[in-house]
Amino acid sequence: MKRLLILVLLLLSIFITGCNGKQKVELEDIYGKYYYKECVYLNERNVFNKDALNDAYRDVARYSIKESTFAFYQTESQTPTISLKHINYKEVDVDENIESKEVKKILKKCTTRFDIYRLEISQGYSFAFDGDNVYFIEFRSTNNAHEVWHIFSLEKRD
């Protein structure tokens, strides 16, 4: 009986930690092409609105993440709007440099975040992962503060 109780407790602990423990995303797994789904957060000082961004970008804007490059294509053009070369992706805490409670609420389920760095300097872009949910975060420096400018939900397509 004692062995059965121990076995049940062991299986229960494995079940609980295995089912609730989300897996971190490995760096090699982030590489690929992503498409804009929707704007989930917009800084109040941003001149755009969510509906306009969704209308302009949904299924058109795309992101390319490669080992040492990042590109953002605003339209179906082959010329990127943003192109960063010789970069590296640095894993950081999901809520690092984030003050906004609203942003923290959006990202609280994420297990992994990678910031884009070039020459050891943050480029102001991050990717956060929560299972199949992928978020692109852009930071802006305003009034000596580093704040989230917007967060877009993305879909990986290879």
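Everything in the sequence shown is counted per this note's numbering, starting at 139 for the first residue and increasing by one. Ideal Cβ positions, reconstructed from N, Cα and C, are used throughout, including at glycine. This one's a predicted model, so the numbers in the text were calculated from it and none came from an experiment.
Go to Y273, then tell me how far its beta strand (DSSP E) extends in each direction, as first and last residue. On the sequence shown, residue 273 is found 135 positions in, with the first residue counted as 1. Annotation: the continuous beta strand (DSSP E) that includes Y273 extends over 271 to 280.
May I ask you to list the residues that DSSP assigns as paired with D253? Counting from 1 along the sequence shown, the entry for residue 253 is found at position 115. Bridge partners of D253 according to DSSP: K228, S264.
Cβ contact check for the stretch 187 to 206 and the stretch 231 to 247: 3 or more pairs under 8 Å: Counting Cβ pairs under 8 Å, fewer than three are found: no touch.
D270 and C248 - do their beta-carbons sit closer together than 7 Å? For this step, residue 248 is matched to residue 110 along the sequence shown. For this step, residue 270 is matched to residue 132 along the sequence shown. No, Cβ-Cβ distance for C248 and D270 is not below 7 Å.
Is the distance from the Cβ of C177 to the Cβ of K188 below 7 Å? On the sequence shown, position 39 is the one that residue 177 refers to. On the sequence shown, position 50 is the one that residue 188 refers to. Contact: yes.
C-alpha distance - N181 paired with D296, whole-angstrom precision: By 1-based counting over the sequence shown, the position of residue 181 is 43. By 1-based counting over the sequence shown, the position of residue 296 is 158. Distance between the alpha carbons of N181 and D296 is about 30 Å.
Can you tell me which of the three DSSP states V286 falls into? By one-based count along the sequence shown, residue 286 stands at place 148. Correct three-state label for V286: strand.
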